[in-house]
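Read in order, the letters of the sequence shown correspond to residues 168 to 263 in my numbering. Glycine included, every Cβ here is placed at the ideal spot set by N, Cα and C. Values in this document were obtained by computation on a predicted structure and should not be read as measured data.
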Amino acid sequence: MQTKIRDQTVSHRQKNPRKNIVEAVIASQSDKWSDATKQTARSDANRILEALVSDIGVQGIIDAMDRQGFEGAAYRYLISPLYEESASRRPPPKRD
């Protein structure tokens, strides 16, 4: 079953290639941003990803990926450890 899902995912990814969203944004701003700003944007994108993954959770990410046109369940192998890592980095809630 896992092999079948992996084969379907590879086929889907090959048929539907998408440019990396971060690189697409950086390219669209290339005449406005310095190289240092572009590098900062790449780092900030990872921070954004970490916060979203931690907030949304595994199933929320899978559902969001489905809505975006990806086969979300095929990415569970990566989503789960991303969630675990991002959740472990989350600071404790602030007390009033």
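Report the CB separation of A208 from V189 in whole angstroms; it is logged as a contact under 8 angstroms.
By 1-based counting over the sequence shown, the position of residue 208 is 41. By 1-based counting over the sequence shown, the position of residue 189 is 22. That pair is a contact at about 7 angstroms.
Alpha-carbon to alpha-carbon, R234 and R243
Here residue 243 corresponds to residue number 76 of the sequence shown, with the count starting at 1. Here residue 234 corresponds to residue number 67 of the sequence shown, with the count starting at 1. A direct Cα-to-Cα measurement between R243 and R234 gives close to 15 angstroms.
Closest to R256 by C-alpha separation, out of L216, R262 and D263, would be which residue?
The sequence position of residue 256 within the sequence shown is 89, counting from 1. Closest option to R256, Cα to Cα, is L216.
Specify the secondary structure class of P184 as computed by DSSP and reduced to three states.
One-based indexing of the sequence shown puts residue 184 at position 17. The answer is coil: DSSP assigns P184 none of H, G, I, E or B.
Can you list, in chain order, the residues of its chain with a C-beta nearer than 7 angstroms to that of D230? Leave out the 5 residues immediately preceding and following it.
The residue labelled residue 230 in the question sits at position 63 within the sequence shown. For D230, where only same-chain residues beyond five positions count, the Cβ hits under 7 angstroms are G239.
In chain order, what residues of the same chain lie with their CB nearer than 6 angstroms to the CB of S221, ignoring the 5 residues before and after it?
Mapped onto the sequence shown, residue 221 falls at position 54. Cβ within range, chain order: S253, A254 and R257.
For L245 and N213, I'd like the C-alpha separation in whole angstroms.
Mapped onto the sequence shown, residue 245 falls at position 78. Mapped onto the sequence shown, residue 213 falls at position 46. Between the alpha carbons of L245 and N213 lies a gap of roughly 15 angstroms.
Would you tell me roughly how many angstroms separate the C-alpha atoms of E251 and P259, rounded to the nearest one?
Looking up residue 251 in the sequence shown gives position 84. Looking up residue 259 in the sequence shown gives position 92. Approximately 15 angstroms, taken between the alpha carbons.
Closest to L249 by C-alpha separation, out of K186, L219, R262 and K261, would be which residue?
Taking the first residue of the sequence shown as position 1, residue 249 is located at position 82. Ranking the options by Cα distance to L249, first place goes to L219.
If I measure Cβ to Cβ from S247 and keep anything under 7 angstroms in the same chain, skipping five residues before and after, which residues do I get?
As a working note, residue 247 is residue 80 in the sequence shown. The residues are V225.
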